[in-house]
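Notes to accompany the following structure.
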């Protein structure tokens, strides 16, 4: 299902209006999952940095919206600085000092160069509770609250930008994702001047219809 969804959603802007509604429904089913575990707050989590020093998540990131990759296998790492989509996403958000990018390792190894949890029992519990199989992005709000569970990836063009942008104002990923999807019209563009203006500002180029984006799920 993961691959089918990823291939179908970009076709949203290539289909007639009747089919567009079907594909928009599929997209909404994906973003609905972003709302899982939004009752979780990670502020009190004790993190260990590369130097071995301990900090709470709040100490490190209070007042910041965090695009946080969690991962558990040293042989299956999250996208890094050599990943063009990831670095492009970071560059687009460089103008927002209240957005940061980080990753949190939940496995047993200590030579990975990432933040890791001080409590290994908590690490194991998170892997189980979050059903973490492969590296997955989560969006954490400025107060430490989970805003997007297994949220949009750097490859999810436009969707990841909009959901992360809206998270700066404490809006969870399901709400912002659905708002974005509803904002697409049958003529393959954005319905409102507000979305069109956001696109121009976010991507630094003139808005033109059609716009193209993808959306995928994370195992």
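Numbering (this note's numbering), first residue to last: 42 to 260.
Positions of the beta carbon are idealized from the N, C-alpha and C atoms, including for glycine.
Since we're looking at a predicted model, the values are computed, not measured.
Secondary structure of residue i, DSSP reduced to three states
i: residue 174; result: coil
i: residue 256; result: coil
i: residue 240; result: helix
i: residue 159; result: coil
i: residue 210; result: coil
i: residue 231; result: strand
i: residue 117; result: strand
i: residue 179; result: strand
i: residue 194; result: coil
i: residue 250; result: coil
i: residue 75; result: helix
i: residue 130; result: helix
i: residue 66; result: helix
i: residue 125; result: helix
Exposed unless 16 or more other CB atoms sit within 10 angstroms - verdict on residue i
i: residue 202; result: buried
i: residue 90; result: exposed
i: residue 256; result: buried
i: residue 235; result: exposed
i: residue 198; result: buried
i: residue 259; result: buried
i: residue 250; result: exposed
i: residue 106; result: buried
i: residue 121; result: exposed
i: residue 166; result: exposed
i: residue 207; result: buried
i: residue 246; result: exposed
i: residue 123; result: exposed
Bridge partner(s) assigned by DSSP for residue i
i: residue 143; result: 109
i: residue 95; result: 89
i: residue 189; result: 180
i: residue 82; result: 186
i: residue 200; result: The partner list for residue 200 (beta bridge, DSSP) is empty, contrary to what the question assumes.
i: residue 225; result: 231
Proximity below 8 Å, CB of residue i to CB of residue j
i: residue 145; j: residue 187; result: no
i: residue 74; j: residue 191; result: yes
i: residue 108; j: residue 142; result: yes
i: residue 214; j: residue 177; result: no
i: residue 115; j: residue 148; result: yes
i: residue 118; j: residue 243; result: no
i: residue 88; j: residue 158; result: yes
i: residue 180; j: residue 200; result: no
i: residue 183; j: residue 69; result: no
i: residue 240; j: residue 254; result: no
i: residue 84; j: residue 185; result: yes
i: residue 79; j: residue 126; result: no
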